[in-house]
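If you read the sequences in order, they're chains A and B. Counted from 1, the first sequence has number 33 at position 33 by our numbering; the numbering is strictly sequential. Counted from 1, the second sequence has number 1052 at position 52 by our numbering; the numbering is strictly sequential. For every residue, glycine included, the Cβ atom is placed at its ideal position computed from N, Cα and C. As the structure is a prediction and not an experimental result, all values here were calculated from the model. To start, the structure under review is shown below, and the notes come after it.
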Amino acid sequence: MNNTARKGGVGAAQIILGLSIAILVIVVAVPVLLIFVNAFWVDGALNVKDVIRIIREKDTYQALVNSLIIAAGTTTGSTIVGTFFAWLVTRTDLPYKRFMKAMFLVPFMLPSFIGALAWKMLLSPRAGFINRFWMGTLGFEEPLFNIYSYAGIVLVEIMYLFPFVFIQVCGALERMDPTLEESARISGAGLFTITRKITIPLALPSILSGALLIMLYSMAHFGTVAVLGIENGIFNIPTLIYQRIHQSAGSFASIRTGTVLASILVMAAALIIWLQGKALSRGRYQIIAGKSFRPMELKLRALRLPLLILCLVYIAFTIVLPTVVIFLVGGLKTYGLPFTWENLSLDNYKFILFDYQVTRDAIWNSLSLGLGAALITMFAGVMISYVIVKMKVRGKGVLEFLGMLPFSVPGSVIALGVILAWSGRYGPNLYNTVWIILVAYIARYMAFSLKANSAALEQVHDSLVEAARACGASMWQALKDIVLPLVRPGMLAAFFLIFLPSLRELTVSIMLYSPTTRTIGVAIYTLNEDGETVRSAALAGIALFLIITGQTLINRFAKGRSA
Amino acid sequence: MRNRLIALALGACIFLGLYGQAAAAGQKIIIYTSMKESLIGGIVDGFKKKNPGIAVDYQSAGAGKLMAKIAAERESGKILADIIWTSEVPDFYNMKKEGLLASYTSPVFKEVLNPFDDFDGHFTAARLGTLGIAINTKLVKTPPAQWADLFKPEYKGAFGVADPALSGTAYMSVALLEKQFGWGFFEKLRDNKARIGKGSGQVVDDTASGELSASLAVDYITNDKISKGAPLALIYPPELLLAPSPVAIFKSSSNLDAAKLFVDYLLSKEAQTLIAAEGTLSVRTDVQNKPEHKLPPAADALKRAIKIDYLQMMASKETLIKKFTDTLTK
């Protein structure tokens, strides 16, 4: 069997492998490598002294510390919130659990920088609607809460990132074999002991892996810190890179600082990914999947109602309120007017959709970039995953290593790497065109596609292909008629996992846009920066509408398929 | 199979779509400007009506971003724009020095006010931007009469200046205020907890919402919001901040004649009337300001304006911005 495969496929296999390696090298490896080279290699010599000098500069050092503070706070907070809610909806008799679970996943769709904009409108110290109510109507001297602070940034990040932990822990608690807990109970252990000795250790790998994912995200997030931090002088690594490059119109010194900071991000990310791998490998044998027992539900008794109210209030405050504020402000004639009927209209929405060149361009750019990146990444992802999961060719190890890269490279690093790689020094100059954003999106979202496609491919057993080959099908036929139809759901999943997030992408595009190539995220951000608050809110409202509609359609579609 | 065809078709559409965007279309002039949509949109429409044969495309963005784009375009060999019109005067001296600008003295030039003593045709002022103090009329009962009033406790933690790294007008005004009052002015502002905002429009919106009581504000941005009902007023202290907005033609333009026509139109009474209607100063003495904008007449404004040496300013941009940021955040 192996021999026949060889005969028909040696050339093809090598070509596919080569192509896969080439794609990953060009799209991901070269930009990352260039960052390290530019950071550590000056005028043809290794230069560590300069790197240390840059890190010790007050601004850079502070940005590093800030990134750490924000990541640590966000990770701790999200882990607590996510685990608690996951436990509530899987292990207790809380009413309306299905609805709650669906609602807790909504923040996945909401871009956190839009959330940050909404919270700025609600809680800016003097003019935020809540603070004004607090001071004006209730008569307090000091504002209730100042959103322009570390605490504000961390809280907003928690609100929009906790689902990463929530979804992981929900899965673990649902899959966990209840007999373990039951036998402990039969042996006389109390609830507290069971939770401490059995439930938490079993769920720990999932909690940890979710927490590390959040750490990876929040360390390299641009939007929230840009909206809430910059005015109070709170910069993290991505916002500092953005400001430096913006200030000097791309001078070498600022790019150099950027590369040093980016190198640190990459190393931190690699460490996190490594830790996550450890956490997951420890957990794998502990959770016994596939049992159909329903875990025991804890009776909340007197706490049932208060906890229900807590959940509803949480949902109202973190999801409903910010969304409503965005839509309302988007309807105002100008920012600063009260919400009365004569001040509200649909004019901004109309202007943005039909008359305003900047926003029309932005919507078109985001849609076409999203579609383009999703399609290309989907097909490339299938091919690369196929080589990694299914093919037995020499040199696969290189590809496996390269395939890990996209997971560990944060968005702002990709953006900087792409600037270095594609601004004419080593080939075509794509800077200031849509193409550079497309390349960056492909690099950024390759990880999603690889994950979805390799999961789908792992489920296709080799015997199916072997059977087809035994019946005389060529390798190409076997691929086309057996493998592709079976992995199609994985491909579709990859497509949407890329298309929807790219509609609201900000971290990468903010570094790469030019006046004609704004994306929706960039347009919202720059309109806000330019003081077009009501228009930026209206565009944010339109973006929310697009994303939520898209997600709902996909959920429908996915349900229809599996039924 | 059908699915794959659809996907392919979609792919082709996107490809063509992106390509169509990237490719520059044929005969037309391209304008890079830092003027906001409300100002540039009407002027371009008027020009097109007068010159139906010429297509016009424009990019409106902050001056810093536009200069970065031009720098990148120079690297790749061709500046796409034919015309540049922003408010960051030192940039124009820079571009002139580097030989990027075509010299053109419009026949209309003799009709307009000229704020540049060393005018030689490389760039012409097409607007006189003024900056004043925007106040929230609900929060501030007695408007400030002079710059020093900003040190009063009334404005503690509630006066904002846009980030000069982002906004050309903020950079110009910081330079002018430093020239007039020295760094002591900004130290006193810091003692009163003045804040650095983001873009030049955002500080105005923050003033309208009440987050700030007052801010350093550009005339037409503030007047636009006032006309929409925002609770704002624009106050001019005696030492006037004036930032001329020059227009220039790139030497590399392949449509020099059309570009010259645009400059002529921009300086004409028709376009200047549009400029004045938006609440900023025209360079023509025969165009009247609208009374509701309470702007000083252009000729007076020029006399009252703080004078500065643009050549010197050009050299010290980065240090000035850094010192300003350090002073206010110390």
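Residue of the options minimising C-alpha distance to residue i
| i | options | result |
| --- | --- | --- |
| SER1316 of chain B | B:SER1200, B:GLU1178, B:ILE1030 and B:THR1137 | B:GLU1178 |
| SER1253 of chain B | B:ALA1068, B:LYS1049 and B:GLY1077 | B:GLY1077 |
| ALA1276 of chain B | B:GLN1180, B:VAL1263, B:ASP1264 and B:LEU1295 | B:LEU1295 |
| GLU529 of chain A | A:GLY223, A:ARG301, A:ARG196 and A:LEU202 | A:GLY223 |
| ARG1190 of chain B | B:THR1137, B:THR1086, B:PHE1324 and B:LYS1290 | B:PHE1324 |
| ASP481 of chain A | A:ALA12, A:LEU464 and A:MET121 | A:LEU464 |
| VAL25 of chain A | A:TYR441, A:ILE524 and A:PHE401 | A:PHE401 |
| ARG185 of chain A | A:ILE207, A:LEU506, A:ARG56 and A:LEU298 | A:LEU298 |
| ILE198 of chain A | A:GLU342, A:ALA538, A:LEU173 and A:ALA558 | A:LEU173 |
| GLY1182 of chain B | B:LEU1216, B:ASN1051 and B:LEU1320 | B:LEU1320 |
| ALA540 of chain A | A:VAL154, A:SER385 and A:GLY331 | A:GLY331 |
Residue i - containing alpha helix (DSSP H), residue span
| i | result |
| --- | --- |
| LEU191 of chain A | 191 to 194 |
| VAL74 of chain A | Note that residue 74 of chain A is Thr in the sequence shown, not Val. Segment 58 to 91, the alpha helix (DSSP H) holding THR74 of chain A. |
| THR1033 of chain B | Here THR1033 of chain B belongs to no alpha helix (DSSP H); instead the beta strand (DSSP E) covers 1028 to 1033. |
| SER1215 of chain B | Careful: SER1215 of chain B lies outside any alpha helix (DSSP H), inside the beta strand (DSSP E) at 1214 to 1218. |
| ALA470 of chain A | 462 to 470 |
Under 8 Å between C-beta atoms of residue i and residue j
| i | j | result |
| --- | --- | --- |
| GLY942 of chain B | GLY1160 of chain B | In the structure as shown, chain B starts at 1001 and stops at 1330, and residue 942 of chain B therefore has no counterpart that could be examined. |
| LEU17 of chain A | LEU399 of chain A | yes |
| GLU458 of chain A | VAL389 of chain A | yes |
| VAL266 of chain A | SER408 of chain A | yes |
| PRO1244 of chain B | VAL1140 of chain B | no |
| ILE1102 of chain B | VAL1283 of chain B | The residue you asked about is not Ile; residue 1102 of chain B is Ala in the sequence shown. No, the Cβ-Cβ distance between ALA1102 of chain B and VAL1283 of chain B is not below 8 Å. |
| ILE547 of chain A | LEU503 of chain A | yes |
| ILE1196 of chain B | GLU231 of chain A | yes |
| ILE54 of chain A | VAL260 of chain A | yes |
| THR1285 of chain B | ALA1299 of chain B | yes |
| ILE1070 of chain B | ILE1079 of chain B | yes |
| VAL1203 of chain B | TYR1104 of chain B | no |
| ILE1133 of chain B | ILE1031 of chain B | no |
| THR1124 of chain B | LEU1232 of chain B | no |
| ALA268 of chain A | GLY411 of chain A | no |
| ALA1165 of chain B | GLN243 of chain A | yes |
6 Å CB neighbourhood of residue i in its chain, flanking five on each side removed
| i | result |
| --- | --- |
| LEU179 of chain A | Going by the sequence as given, residue 179 of chain A is Thr instead of Leu. Counting only Cβ-Cβ distances below 6 Å, and skipping sequence neighbours, we find nothing. |
| LEU328 of chain A | PHE339 |
| GLY1201 of chain B | ILE1221 |
| SER149 of chain A | none |
| ASN555 of chain A | none |
| MET1313 of chain B | PRO1090 and ALA1175 |
| GLY229 of chain A | ILE153 |
| ILE326 of chain A | ALA118, ALA537, ALA540 and GLY541 |
| PHE1151 of chain B | LYS1188 and ASN1192 |
| GLY8 of chain A | Because the pLDDT of GLY8 of chain A is 46, which lies under 50, any placement of that residue in the model is unreliable, and the question is left without a value. |
| ALA262 of chain A | ILE35, VAL413 and LEU416 |
| TRP422 of chain A | LEU430 and ILE436 |
| ALA127 of chain A | none |
Residues near residue i in its chain [Cβ-Cβ closer than 7 Å; skip 5 each side]
| i | result |
| --- | --- |
| PRO501 of chain A | none |
| ILE158 of chain A | THR74, GLY77, SER78 and VAL81 |
| LEU275 of chain A | LEU212 |
| TYR1155 of chain B | ASN1192, SER1213 and ALA1214 |
| LEU144 of chain A | ILE130, ASN131 and TRP134 |
| TYR386 of chain A | LEU457 |
| ALA440 of chain A | ILE414, ALA415, VAL418, VAL508 and LEU512 |
Where the beta strand (DSSP E) containing residue i begins and where it ends
| i | result |
| --- | --- |
| TRP1085 of chain B | 1083 to 1085 |
| PRO1246 of chain B | 1241 to 1250 |
| SER1060 of chain B | 1055 to 1060 |
| THR1137 of chain B | Counting along the chain, THR1137 of chain B falls outside any beta strand (DSSP E), and DSSP gives it neither H nor E. |
| ALA1258 of chain B | Unbroken run through ALA1258 of chain B is the alpha helix (DSSP H), 1256 to 1267; no beta strand (DSSP E). |
| ILE1235 of chain B | 1232 to 1235 |
Short CB-CB distance (under 8 Å) between residue i and chain E
| i | result |
| --- | --- |
| ASN453 of chain A | Looking for chain E here will not work: the only protein chains present are A and B. |
beta-carbon residue i near the ligand GDP non-hydrogen atom, thresh 7 Å
| i | result |
| --- | --- |
| ALA118 of chain A | Absent from the structure shown: the ligand GDP. Ligands present: none. |
8 Å CB neighbourhood of residue i in its chain, flanking five on each side removed
| i | result |
| --- | --- |
| GLN286 of chain A | With a pLDDT of 47 at GLN286 of chain A, under the threshold of 50, the modelled position of that residue is not reliable, and no figure is offered here. |
Practice item. Using a Cβ-Cβ cut-off of less than 7 Å, give me the residues of the stretch 474 to 489 of chain A that come near chain B, in sequence order. Key: none
Exercise for review: Output, in sequence order along the chain, the residues in the stretch 332 to 343 of chain A whose CB is closer than 7 Å to any CB in chain B.
Suggested key: Contact residues of the stretch 332 to 343 of chain A toward chain B are LYS333, THR334, TYR335, GLY336 and LEU337 (C-beta to C-beta distance below 7 Å).
Exercise for review: Closer than 8 Å, Cβ to Cβ, to anything on chain B: give me those residues from the stretch 215 to 245 of chain A, in chain order.
Suggested key: ILE230, GLU231, GLY233 and GLN243
Practice item. For the stretch 491 to 523 of chain A, enumerate the residues whose C-beta is nearer than 7 Å to any C-beta of chain B, in chain order. Key: Flagged, chain order: SER514, PRO515 and THR516.
Check your understanding: Which residues, taken in chain order from the stretch 1181 to 1202 of chain B, show a beta carbon closer than 8 Å to some beta carbon of chain A?
Key -> ARG1195, ILE1196, GLY1197, LYS1198, GLY1199, SER1200, GLY1201 and GLN1202
Review point. Mind listing which residues of the stretch 1033 to 1047 of chain B have their C-beta closer than 9 Å to chain A's C-betas, in chain order?
Key: So the close ones are LYS1036, GLU1037 and GLY1041.
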